[in-house]
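Shown next, in structure tokens, is the structure this report addresses.
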Amino acid sequence: MSLSDLLTHVAPDSPEAALARQVDFARLPKHVAVIMDGNGRWAAERHLPRVEGHRAGIESVRDTVESSARIGIGVLTLYAFSVENWKRPETEVMALMGLLRQYLRSELKTLLKNNIRFTVIGQPDRLSREVREELQAAEARTAGNTGMQFNIALNYGGRAEIVDAAKRAIRSGLPADALDQETFASFLYTAGQPDPDLMIRTSGEMRVSNFLLWQIAYAEIWVTETRWPDFRCRHLLEAIISFQKRDRRYGAVSSHPATVSR
Ligand code: FPP
386 MSLSDLLTHV APDSPEAALA RQVDFARLPK HVAVIMDGNG RWAAERHLPR
436 VEGHRAGIES VRDTVESSAR IGIGVLTLYA FSVENWKRPE TEVMALMGLL
486 RQYLRSELKT LLKNNIRFTV IGQPDRLSRE VREELQAAEA RTAGNTGMQF
536 NIALNYGGRA EIVDAAKRAI RSGLPADALD QETFASFLYT AGQPDPDLMI
586 RTSGEMRVSN FLLWQIAYAE IWVTETRWPD FRCRHLLEAI ISFQKRDRRY
636 GAVSSHPATV SR
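To convert a position in the sequence shown, counted from 1, into my numbering, add 385.
Laid out in structure tokens, this is it:
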């Protein structure tokens, strides 16, 4: 993707167009991970039930997925449901699952049109059979796509993923001495994918909330006060511009922004 591709999808005089011109398309983050937060607060601020915040958040998911693909992001991971989210009232959990199915039904065509590969990370076995079947169908239908990879983290926990990876490594029969960081990463849910270099969190909290704990070791974190249902392409562009101004040192001495390779 390029600036010209992106500009064909935004109004010429819009804030998005002005932001897009500031992006260096040769130095995009390879993997953007997003903690979508603030749906409940968005709803409360409007005297609406919490589920209306989640419903409005679907439009942000749609916009972020399409914008990321247009910008040329390689991998996008959205944190949709954590292992801890089962503690929410059953009606809210049911509503979230219903919205997920609704999203898959309405967006599969767009994913296919945009050459997006859809994958689930987490432990989907705890999800209902109906939800699992729909997720598997979407994964299968998009498996041959070669554009952006869109991971959705469902029943996901970073510590659970690391324990799962350790179990897989042990079961593989790999001798302990052969286990190094690269080999261990090949047992994670994100095997074969680049680590997130940019992690976005909406709604202001300064926490990583058990998200991609292994993979975010060197990620740049960008937090916005914007509630998830208000998050749009312009916020994503702001995050990328901020990322490109960071001095990424990986423990080395200072250099020019984002130029040290690992
Ligand atoms: C956090 O807001 C958001 C979630 C736990 C779920 C995110 C889900 C969606 C955007 C809808 C369905 C997802 C997809 C991918 C179609 P919160 O409820 O924790 O907000 P609060 O902290 O303000 O209460």
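For each residue, glycine too, the CB sits at the ideal point set by N, CA and C.
Check: Buried or exposed by the 16-neighbour rule on C-beta atoms within 10 Å, applied to Trp427; Outcome: buried
Check: CB of Gln578 within 7 angstroms of CB of Val417, strictly; Outcome: no
Check: Sequence-distant residues of its chain with Cβ nearer than 8 angstroms to Arg553 (five each side left out); Outcome: Phe572
Check: Phe616 beta carbon less than 7 angstroms from that of Ser399; Outcome: no
Check: Gly636, buried or exposed, once every other Cβ within 10 Å from all chains shown has been counted against 16; Outcome: exposed
Check: Three-state secondary structure assigned by DSSP to Val593; Outcome: coil
Check: Cut-off 7 angstroms between Cβ atoms - residues of its own chain near Arg455, not counting five sequence neighbours on either side; Outcome: Met386, Asp390, Leu391, His394
Check: Euclidean distance between Cα positions of Leu414 and Arg514; Outcome: According to the sequence provided, residue 414 is Pro. The question's Leu does not apply to it. Those two C-alpha atoms are separated by around 35 angstroms.
Check: Leu539 beta carbon less than 7 angstroms from that of Val505; Outcome: yes
Check: Limits of the alpha helix (DSSP H) - the one that Val436 falls within; Outcome: 435-456
Check: For Ala402, three-class secondary structure by DSSP; Outcome: helix
Check: Gly543 beta carbon less than 7 angstroms from that of Asn595; Outcome: yes
Check: Length-filtered (3 minimum) beta strand (DSSP E) runs lying within the region 550-623; Outcome: 583-586, 605-608
Check: Beta-carbon proximity list for Ile625, same chain, < 6 angstroms, skipping 5 on both sides; Outcome: Val408
Check: Tyr574 classed as buried or exposed, judged by whether at least 16 other C-beta atoms fall within 10 angstroms; Outcome: buried
Check: Member of Cys618, Ala550, Asp582 whose CA lies at the smallest distance from the CA of Glu567; Outcome: Ala550
Check: Identified DSSP bridge partners for Arg502; Outcome: Gln534
Check: Where Thr462 falls: helix, strand or coil (DSSP); Outcome: strand
Check: Which residues DSSP lists as bridging Val419, in chain order; Outcome: Leu463, Ile585
Check: Coarse secondary structure for Tyr541, derived from DSSP in three states; Outcome: strand
Check: Segment limits, alpha helix (DSSP H) that includes Val395; Outcome: No alpha helix (DSSP H) contains Val395, which DSSP labels as neither H nor E.
Check: Cβ-Cβ distance between Gly442 and Trp599 below 7 angstroms; Outcome: no
Check: Neighbourhood of Pro581 by C-beta, 7 angstroms cutoff - its chain only, sequence neighbours within 5 removed; Outcome: His416, Val417, Ala418, Thr462, Leu597, Gln600, Ile601, Ala604
Check: Option nearest Gly532 by Cα separation, candidates Glu451, Leu622, Asp562, Leu520; Outcome: Glu451
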